[in-house]
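J.: Quick one: this structure, given as structure tokens, is what I'll be asking you about.
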Amino acid sequence: MFTRLVSSLGLSAVIFVVATIGQIVSVPLLLHAWGDGLYGEWLALTNLVASLNLLNAGVQTHVMNLLIGHYMRGEIEEGRRLLHSALRLYVLLCGLALSAVLVLAFVPALAGFLNIRELPPSHLRIILLLQGLLATYTILEGLLMSLLIVTKQMPRRLFYTLIERVLFIGVPIVVAALGGFPLTVSVTVVVVMGGIALVQIWDVRRRSPFPLGLEAGSWTKAFALLPPSLTFFAVTLSYQLLTTGMVVVISWGIGPAAVTLYATTLMLTNFVRSLLFQGLNVLWPEITSDAVQGSKNLFFWYSLAIKLMGVFVMVMALLLYTLGPDVLLYWTRGNLDVDAVLNAILVLYLIVHAPELVARTFGLATSRQSQIFKVELATALLAILLSLFFIPLLGLRGVAWALVIAQSFGSLVMLMLALRWTRGSWTVWITDVLVRGLPSFLWIILAGSLIAVFITNVWERGIFALFVVIVYIILVWLLWFSQDEKNLLQQHSQRLMVSLTNRVFS
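Residue 561 is where the sequence shown ends in my numbering, and the numbering goes up by one at each step.
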């Protein structure tokens with residue numbers, strides 16, 4: 056399990072790096088090759104069609120959790136009937152997606168509505184149709200690739216994701232460099248993706264214990280999947296409400312310039328959140344498997360996940376707090392009026408948000424999506440209401456404080472729920488997580504504050520921050536991790552090193 060998790064985390068990190076570098080490289084290159092008008096039209100069309108993925112409506116997540124249960128219990132025939140029922144439902148979802156694309160492609164007023172002037176009408180229609188085919192397969196692909204996750208083949212699933220990231224980022228760059236335009240990009244991507252799709256279907260049929268097909272399913276069971284699936288979908292929408300709602304409130308209450316400052320500053324902590332999401336998604340199927348088997352170790356895994364993610368977040372928080380404003384100044388080339396206090400409050404928001412992300416993953420992996428939706432919806436609404444109250448008093452910093460206060464409430468409630476889901480004890484959690492972790496937490500907070508206040512040179516700040524991180528990791532290992540946790544990490548780390556050594560020298 057540990058080796059599989061490490062492999063998956065490594066691939067997730069590679070995917071994230073590829074996507075990040077791809078964005079950094081592609082945006083200026085495509086702007087130079089196509090101009091801001093044509094590039095903007097390409098973005099508008101691709102994003103419009105990509106939104107069709109919402110038709111998935113959480114079905115994939117719900118079905119994946121159920122299939123993991125059938126797989127772990129050896130219920131292959133029950134899993135087959137479930138999969139075939141889900142595939143019947145996906146026939147309808149994919150049909151809806153294609154119908155929506157056809158309507159969009161042949162609506163005469165679409166070009167005028169989107170202010171598309173540089174793309175010829177014929178190119179616009181062909182691009183929409185091709186991107187629509189791609190989006191339709193992406194809906195089905197999610198369910199097919201989840202079969203690899205169900206059967207504990209997450210690294211293989213992530214390998215396909217990596218190939219697709221390279222394709223979606225690399226083809227526009229290569230085509231633009233060779234003098235090509237958006238239509239050529241769409242044709243190339245669809246042709247190559249068609250080949251990848253054939254390989255994926257063949258691979259899934261070969262590796263999945265649940266045969267693909269429709270005959271064993273029923274429409275009754277297919278439609279019965281929708282209500283619980285929609286609650287998974289609602290969790291996504293509640294998070295979208297928070298992110299979009301805060302931007303709307305800032306734009307309305309302060310102005311567009313404040314939106315730019317807020318969004319750009321938030322990018323630093325969102326980078327850390329993205330890495331957290333990648334790591335927690337890798338952990339998801341393992342949690343579901345343990346829960347299905349009635350394991351009594353869920354609380355142990357939850358505490359260990361909190362500690363591992365906590366160490367990562369605190370290290371990144373220190374670096375963002377001490378070096379974040381300088382990074383923003385360099386990145387924006389002085390064109391942004393960087394607010395160091397705003398950055399510090401958003402770093403605090405990251406710290407209080409991290410425990411909720413861990414608890415959320417354990418809840419979603421054990422199909423507690425309805426409870427999560429209620430908490431996240433309440434958190435989003437509270438953050439928006441507090442922002443409206445704080446903006447006249449504190450301006451943009453008030454929005455950041457609203458996020459901190461609302462998320463503190465959300466994280467506390469999610470912690471209470473997570474302890475119930477994992478059959479944990481408040482006494483043990485307070486003793487093992489809070490009390491044992493307090494010395495290392497105080498060290499990194501106090502040392503980081505001293506660095507930010509008294510050291511002005513950015514290079515000296517970086518050196519001192521590195522020293523603080525080293526001491527922090529030593530304190531965490533000595534004081535925070537229990538002996539059982541240290542033994543587990545040492546044991547699996549040694550196995551991983553032996554495995555890597557054998558691969559390199561064999």
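C-beta atoms are modelled at their ideal positions from N, C-alpha and C, and glycine is treated no differently.
Fair warning: this is a prediction, and the values are worked out from it, not measured in the lab.
How close, in whole Å, do the beta carbons of Gly-465 and Phe-287 come, if the pair is a contact with beta carbons under 8 Å?
T.: The Cβ separation is near 18 Å, so there is no contact.
J.: Quick one: residues in its chain with C-beta nearer than 6 Å to the C-beta of Val-104, no 5 flanking neighbours on either side, listed in chain order?
T.: Beyond the five residues adjoining it in sequence on each side, Val-104 comes within less than 6 Å, by CB distance, of Gln-186, Gly-187, Ala-190 in the same chain, given in chain order.
J.: Using the C-alpha atoms, what's the distance from Leu-384 back to Ile-499?
T.: 24 Å
J.: When the Cα atoms are used, what is the spatial distance from Trp-386 to Arg-475?
T.: 44 Å
J.: Taking Trp-89 as the reference, which of Pro-237, Lys-207, Ala-455, Ile-529 has the closest Cα?
T.: Pro-237
J.: Do the segment 209-223 and the segment 121-132 meet, that is, are 3 or more Cβ pairs less than 8 Å apart?
T.: no
J.: So, with DSSP's three-state summary, where would you put Ala-164?
T.: coil
J.: Just how far apart, CA to CA, sit Val-382 and Tyr-317?
T.: 15 Å
J.: Per DSSP, what kind of secondary structure is Arg-423 in: helix, strand or coil?
T.: coil
J.: Please classify Phe-354 as buried or exposed, where buried requires at least 16 neighbouring CB atoms within 10 angstroms.
T.: buried
J.: Whole angstroms are fine: how far does the CA of Leu-543 sit from the CA of Ala-473?
T.: 22 Å
J.: In whole angstroms, give me the CA-to-CA distance for Leu-142 and Ser-422.
T.: 20 Å
J.: According to the Cβ coordinates, are Leu-110 and Leu-148 closer than 8 Å?
T.: yes
J.: Assign Ser-273 to one of three DSSP states: helix, strand, or coil.
T.: coil
J.: I'd like the span of the alpha helix (DSSP H) that includes Leu-285, first residue to last.
T.: 281-308
J.: Does the segment 389-398 come close enough to the segment 440-449 to have 3 or more Cβ pairs within less than 8 Å?
T.: no
J.: In terms of residues, what are the limits of the alpha helix (DSSP H) holding Gln-186?
T.: 176-205
J.: So is His-87 buried or exposed if we call it buried at 16+ other beta carbons inside 10 Å?
T.: exposed
J.: Confirm, please, whether the CB-CB distance from His-139 to Ala-271 is below 8 Å.
T.: yes
J.: Go through the segment 208-247 residue by residue and report every complete run of the alpha helix (DSSP H) that reaches 4 residues or more, in order.
T.: Within the segment 208-247, the runs of alpha helix (DSSP H) that reach at least 4 residues and sit entirely inside it are, in chain order, 209-232.
J.: Can you grab the Cα-Cα spacing for the pair Ala-360 / Val-413, in whole Å?
T.: 7 Å
J.: Can you check whether the CB of Thr-377 is closer than 8 Å to the CB of Ala-461?
T.: no
J.: Let me make sure I understand the geometry here. Which of Ile-485, Ala-399, Val-244, Ser-177 has the alpha-carbon closest to that of Ala-455?
T.: Ala-399
J.: Below 7 Å CB to CB, which residues in the same chain sit around Ile-182 once its five sequence neighbours on both sides are set aside?
T.: Leu-100, Pro-237, Leu-238, Ser-241
J.: Is the beta carbon of Pro-340 less than 8 Å from the beta carbon of Lys-207?
T.: yes
J.: The alpha helix (DSSP H) that contains Thr-320, what's its start and end?
T.: 311-347
J.: Which residue marks the beginning of the alpha helix (DSSP H) containing Arg-388, and which one marks its end?
T.: Run containing Arg-388: none; DSSP gives neither H nor E here.
J.: For Thr-243, tell me which candidate among Val-230, Gln-255, Ala-252, Gly-234 has the shortest Cα-Cα distance.
T.: Considering only Val-230, Gln-255, Ala-252, Gly-234, the residue with the shortest C-alpha distance to Thr-243 is Val-230.
J.: Judging by CA-CA distance, which residue of His-125, Leu-363, Pro-176, Leu-321 is the nearest neighbour of Phe-265?
T.: His-125
J.: Can you grab the Cα-Cα spacing for the pair Arg-415 / Lys-429, in whole Å?
T.: 12 Å
J.: Based on Cα-Cα distance, which residue from Ile-525, Ser-344, Pro-410, Asn-352 lies nearest to Leu-374?
T.: The option with the nearest alpha carbon to Leu-374 is Ile-525.
J.: Counting C-beta neighbours from all protein chains within 10 Å, is the total for Trp-97 16 or more, i.e. buried, or is it exposed?
T.: Within a 10 Å sphere around the beta-carbon of Trp-97 sit 16 or more other beta-carbons, which makes this residue buried.
J.: Helix, strand or coil for Ile-510, going by three-state DSSP, please let me know.
T.: coil
J.: In its own chain, which residues sit with a C-beta less than 7 Å from the C-beta of Pro-227, not counting the 5 before and 5 after it?
T.: Ser-81, Leu-85, Val-240
J.: Assuming contact is defined by CB atoms lying nearer than 8 Å, are Arg-211 and Leu-202 in contact in what I supplied?
T.: no
J.: Looking only at its chain, what residues have a beta carbon closer than 7 Å to the beta carbon of Val-245, apart from the 5 residues adjacent to it on each side?
T.: Leu-185, Leu-188, Leu-189
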